[in-house]
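Chemist: Sharing a structure with you now.
Number of protein chains: 2
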Amino acid sequence: MTLDRVFYALSDSTRRDILGRVARGPVAVSELAKRYQMSLPAVVKHLGVLGSCGLVKTDKVGRVRSCTLDAAPLKAADDWIETYRVFWEGRFDRLGEYLNELSEDPAP
Amino acid sequence: MTLDRVFYALSDSTRRDILGRVARGPVAVSELAKRYQMSLPAVVKHLGVLGSCGLVKTDKVGRVRSCTLDAAPLKAADDWIETYRVFWEGRFDRLGEYLNELSEDPAP
DNA sequence: ACTATACTTAACCTTTTGGTAAAGTGTCAA
DNA sequence: TTGACACTTTACCAAAAGGTTAAGTATAGT
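Chains as they are written, first to last, in the working numbering: chain A, 1 to 108; chain B, 1001 to 1108.
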């Protein structure tokens, strides 16, 4: 599922850092790569992970590929986590309604 | 980092489904395993992933191990995602303050 | 004591991930 | 036109992930 890949993309600190950087505005791939102690192809692979779940869009003009953030998939991730908010907020008076939101499906 | 493991734990639909189940109350391992088309050791491995990042606590009494939800790590994940909320809500009037929240550190 | 239950552990297998190095391609600029 | 730059592609590697089966251990019930 898409949600799988979004959460997976977020499970690496380099990729989260990349999101932090592209959130500030378009960045070139090589510019981005300077921030990390790894080869450029490695950074490109991380961008591939972020791109395949839609978190980062790229646009190549000339020889420069610019990367920008698309936060829409983060909303999907947030919506999923949101269901559990009552548990860490301790609003057990609202627990019932939240439990009803949780699916009762047999298997995934 | 812990956040790595939390997001990683959430990147699998079986594990997310397990969270949905334990949220409803304590469940035994074998009871849980009945829901999935995989062997019991496979389910135990998923529980290991969920346990190692703190999302699921277990308590063995007799020969039965009961699993319960601990949503605290979800709050950490939510806090991270929350920083980006402005991007999918399109509140670009507030963009500036959110950008300041994003860390400016050189490398992770 | 015997047996079924509920895990637990171990060994193994395949695929995916995250990285590398090195060579190739396309574009800009002097 | 020549060279530097910005990727891009390819081939490779080690480790981790997700699953399997099979055997082992501890407890509960008869």
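We treat Cβ as the ideally placed atom computed from N, Cα and C, and that holds for glycine.
It should be emphasised that the depicted structure is a prediction, and the values quoted were computed from it without experimental measurement.
Less than 8 Å between CB atoms is the rule here; does serine 1011(B) satisfy it with respect to chain A?
Modeler: Residue mapping note: residue 1011(B) aligns to position 11 of the second sequence, counting from 1. Yes, its Cβ sits closer than 8 Å to a Cβ of chain A.
Chemist: My parser needs the beta strand (DSSP E) runs of 3 or more residues fully inside the stretch 22-90 of chain A; what are they?
Modeler: List check, beta strand (DSSP E) in window: 56-61, 64-69.
Chemist: Helix or strand or just coil, what does DSSP make of serine 1013(B)?
Modeler: Position 13 of the second sequence holds residue 1013(B). DSSP places serine 1013(B) in helix when its eight states are reduced to three.
Chemist: Between aspartate 1004(B) and chain A, is the shortest Cβ-Cβ distance under 8 Å, so that the two count as touching?
Modeler: Here residue 1004(B) refers to the residue found at position 4 of the second sequence. It does: the Cβ of aspartate 1004(B) has a partner Cβ on chain A nearer than 8 Å.
Chemist: For arginine 5(A), collect the residues of the same chain with a Cβ closer than 6 Å to its Cβ; drop the 5 residues on either side in sequence, then sort them by chain order.
Modeler: On the first sequence, position 5 is the one that residue 5(A) refers to. For arginine 5(A), where only same-chain residues beyond five positions count, the Cβ hits under 6 Å are Cys53.
Chemist: Using CA coordinates, which residue listed in Trp88(A), Ser30(A), Ala71(A), Arg65(A) is at the minimum distance from leucine 10(A)?
Modeler: Within the first sequence, residue 10(A) is the residue found at index 10, counting from 1. Measuring from the Cα of leucine 10(A), the nearest candidate turns out to be Ala71(A).
Chemist: Among Ser13(A), Glu82(A), Val29(A), which has the Cα closest to the Cα of glycine 62(A)?
Modeler: Your numbering for residue 62(A) matches position 62 in the first sequence. For glycine 62(A), the nearest C-alpha among the options comes from Val29(A).
Chemist: I believe arginine 1015(B) touches leucine 1050(B) by the beta-carbon criterion, under 8 Å. Please report the beta-carbon distance rounded to the nearest angstrom.
Modeler: Indexing the second sequence from 1 puts residue 1015(B) at position 15. Indexing the second sequence from 1 puts residue 1050(B) at position 50. Going by Cβ atoms, the distance from arginine 1015(B) to leucine 1050(B) rounds to 6 Å, so yes, they are a contact pair.
Chemist: Using a C-beta cutoff of 8 Å, does aspartate 1078(B) count as contacting chain A?
Modeler: Looking up residue 1078(B) in the second sequence gives position 78. True, the Cβ-Cβ gap to chain A drops below 8 Å.
Chemist: Ignore the nearest five residues each way along the sequence and tell me which others in tryptophan 80(A)'s own chain have a CB closer than 7 Å to its CB.
Modeler: As a working note, residue 80(A) is residue 80 in the first sequence. Cβ neighbours of tryptophan 80(A) beyond the five flanking positions: Leu3.
Chemist: Mind listing which residues of the stretch 21-47 of chain A have their C-beta closer than 8 Å to chain B's C-betas, in chain order?
Modeler: Of all residues in the stretch 21-47 of chain A, Ala23, Arg24, Arg35, Tyr36, Gln37 have a Cβ within less than 8 Å of some Cβ in chain B.
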